[in-house]
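K.L.:
Under this note's numbering, the residues of the sequence shown are numbered 704 to 832, in order. Even for Gly, the Cβ is constructed at its ideal location relative to N, Cα and C. Sending over a structure as structure tokens; questions will come in a sec.
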Amino acid sequence: MAYTARDIAEFIGGQLKGDGSVEIKGISGITDAKAGEITFIDSPKLKDRLGRTKASCIITSFDIKETDKPLIKCDNPLLAMVKIINKMFPYKVSYPKGIDKSASVGKNVKLGKNVAIGANSVIGDDVTI
């Protein structure tokens, strides 16, 4: 899913400088970033990389001055990137289903609805889960 730089700035409560209509489809480190990706700089020591990155938008602190790319300035660029990562790529928990082939299930076992028996599990005789 793509977001605009404006969407991202609003989401993290940052201050947008530059074109807010730029579309962001991915996230990468400052050195490896490509067009369509967002990156961040959390140290003024790395500001020389601003001109070399191919990222379409950069999250940074208020210490960094203008560049030819849209900047989203905020107090904590690293925390902002974590929020963006979680929004763009939400963690999806998947739970096992059924009985794994390596599980050993005894006799007269009663399993409830939606119960999963994981790999190498041992369920004794006459057990109710």
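#1: Using only CA atoms, which one of Ser807, Asp745, Phe765 lies nearest to Gly732?
#2: May I have the straight-line CA-CA distance separating Glu740 from Ser764, to the nearest angstrom?
#3: Should Ser797 be labelled buried (16 or more other beta-carbon atoms within 10 Å of its own) or exposed?
#4: Which value, in whole angstroms, describes the spacing of the CA atoms of Asp771 and Gln718?
#5: Ile762: which of Met704, Phe743, Gly827, Lys816 sits nearest, CA to CA?
P.N.:
This is what the structure holds:
#1: Asp745
#2: 18 Å
#3: exposed
#4: 16 Å
#5: Phe743
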